[in-house]
Structures are given as C-alpha cells and as structure tokens.
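Below: the structure, in structure tokens.
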Amino acid sequence: GQNIDQPTEMTATEGAIVQINCTYQTSGFNGLFWYQQHAGEAPTFLSYNVLDGLEEKGRFSSFLSRSKGYSYLLLKELQMKDSASYLCAVSLASSGGSYIPTFGRGTSLIVHP
Amino acid sequence: ETGVTQTPRHLVMGMTNKKSLKCEQHLGHNAMYWYKQSAKKPLELMFVYNFKEQTENNSVPSRFSPECPNSSHLFLHLHTLQPEDSALYLCASSARLAGGDTQYFGPGTRLTVL
Chain E
5 GQNIDQPTEM
15 TATEGAIVQI
25 NCTYQTSGFN
35 GLFWYQQHAG
45 EAPTFLSYNV
55 LDGLEEKGRF
65 SSFLSRSKGY
75 SYLLLKELQM
85 KDSASYLCAV
95 SLASSGGSYI
105 PTFGRGTSLI
115 VHP
Chain S
460 ETGVTQTPRH
470 LVMGMTNKKS
480 LKCEQHLGHN
490 AMYWYKQSAK
500 KPLELMFVYN
510 FKEQTENNSV
520 PSRFSPECPN
530 SSHLFLHLHT
540 LQPEDSALYL
550 CASSARLAGG
560 DTQYFGPGTR
570 LTVL
C-alpha cells in the first residue's frame, strides 16, 4: 500500500524557521507536491519536486530525496499568516495509467507571537 | 481567486434527500477531480475525469454519482447518504493528468448529513 507520513501539528514563533517533514513509502513515484490550506479555504499550490535537491521560492523552500523517500518544507521568517495546514502529496501512477496526487494527513502549523 | 468555483458552499441534508454539488473551472483544464476531506484524515480521492471521461473511481459507494458533461463542469449527485458522509467536498482541476501538473482547488462544499 501507499504510506505518507507527516507530523500532525507543529508550533513555532513569529520570525523563526520551521521545517515540516514528509516521508513516504510508495510505488510508482513521480514527484512530490506541497500545498497550503488555511482553515475553511481551498488548498493552494506551494511547490513540486521531481528531482533530488532543494528548490527555493522566497520564504519557502522544498527539499526532496527520492532514495530516502523523504521531503521537507522549510518556512523562513515566519509570519502569523503562515498558520495553516501544510499538505504533502505524492504523485503516483494510478491503475488507470495516469499520475494522481495522493495526500498525507497534513501538518497543522500554529505560529504564535 | 482560484478559477474553480463550487456551489453550494454549505449543504445540510437528510439521509433520504437527493442533492447535487456543482463545480466549474474557468482555467481551460482537461482534468477534474472530486475529493473528500474529513477531520484528521488525508484528502481522499473519489473520482477523476479526463476530457469528460471517468478515469478513476476510488471504490466510492454508489450513493455518490459523478457527472461530467464537459471539461469545465463536474457534478456530484448525492442520494441516501449516511451521517459519516458529512465532510468537506473539494473539486479540483489540472491542465492534464500528468505527474507534475498542479491541481487548482475550489473552496469546497461543507456537507452535513443529518
């Protein structure tokens, strides 16, 4: 079966750095997404990694190690508005022959002053 | 603004009712998805359509019936639901069913089954 793990909840202080980890044990891996979801809102795309290494986008960076089945999302200079759920999703080959994102449970990040 | 709209935003229905959820995307995408999001659970894929054809049915009970009349519209018809079906139902679209294509989500319909 497919297994995607990420911590349920994390807390951090405004201005700090936080790293949200995601590990996966899957077959047919094509790449890994990170989405952000504020309470009561739709998930929005943050990043997609298909090759090993770190990709940086402003305050947010995402890392992937395919051999270790591991990714992390790094958030720098945390702001209160970064309080949200962060969803790790692995792009997997489906029985229908296409690639479908399979989501983890999400990590609820609480940023406090 | 995501370009994917869903109606209604909130729905309360009894177990014997029949209702429909509607999703519309204005992004020119070819793939559309229905997901179920329950508290403390991962997003669960329900159905996938590509160019109006259903490509995935993730063992969803028959009380949920999808319909995709064209690439821009997706419906989820509901009948004789159970209280455990109460959840947030999210629609998404992507340009294609390719591995790296970003999904764009609608705001969801919060469904409560009494």
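Each protein sequence line maps, in turn, to chains E and S.
Using the numbering used here, the first residue of the first sequence is number 5, and each one after it goes up by one.
Using the numbering used here, the first residue of the second sequence is number 460, and each one after it goes up by one.
Backbone N, C-alpha and C define an ideal beta-carbon position, used for all residues, glycine too.
Keep in mind the model is a prediction, meaning the values are calculated, not measured.
Below the 8 Å Cβ cutoff, chain E contributes Phe37, Phe49 and Tyr52 as neighbours of threonine 561 of chain S, in chain order. If you draw a 10 Å sphere on the C-beta of methionine 474 of chain S, you find fewer than 16 other C-beta atoms in it, and that means exposed. Under the three-state reduction of DSSP, methionine 491 of chain S is assigned to strand. Apart from the 5 residues on each side of it in sequence, proline 117 of chain E sits with its Cβ closer than 6 Å to the Cβ of Glu18 in its chain, given in chain order. Threonine 571 of chain S is classed as exposed because its beta carbon has fewer than 16 other beta carbons within 10 Å across all chains shown. Close to phenylalanine 107 of chain E, with beta-carbon spacing below 7 Å, are these residues of chain S in chain order: Pro501 and Leu502. Between the stretch 26 to 38 of chain E and the stretch 521 to 535 of chain S there are fewer than three C-beta pairs closer than 8 Å, too few to call the two in contact. Here DSSP, grouped into helix, strand and coil, assigns glutamate 503 of chain S to strand. When the beta-carbon positions are compared, leucine 486 of chain S and threonine 514 of chain S stay at least 8 Å from each other.
A buried status is given to phenylalanine 506 of chain S, since no fewer than 16 other beta-carbon atoms sit within 10 Å of its beta-carbon. When only Cα atoms are considered, methionine 84 of chain E and leucine 113 of chain E end up about 10 Å apart.
Between isoleucine 21 of chain E and tyrosine 76 of chain E, the beta carbon gap of about 11 Å keeps them out of contact (Cβ cut-off 8 Å). Annotation: histidine 536 of chain S to serine 71 of chain E spans about 42 Å, alpha carbon to alpha carbon. In this structure, the alpha-carbon of leucine 96 of chain E lies about 24 Å from that of phenylalanine 64 of chain E. Glycine 559 of chain S sits away from tyrosine 90 of chain E, with the two beta carbons spaced by 8 Å or more. Bridge pairing for cysteine 92 of chain E: E:Trp38 [DSSP]. Non-local C-beta neighbours of proline 566 of chain S in its own chain, meaning closer than 7 Å and more than five positions away in sequence, comprise Gln465 and Arg468, ordered along the chain.
The residue from S:Arg569, S:Ser531, S:Lys481 and S:Gln496 with its alpha-carbon nearest to that of asparagine 509 of chain S is S:Ser531. Per DSSP, reduced to three states, the secondary structure at glutamate 526 of chain S is strand. Interface annotation, glutamate 515 of chain S: in contact with chain E, CB-CB separation under 8 Å.
In the three-state DSSP reduction, proline 542 of chain S falls in the helix class (H, G or I). Interface criterion not met: the Cβ of alanine 88 of chain E is under 8 Å from no Cβ in chain S.
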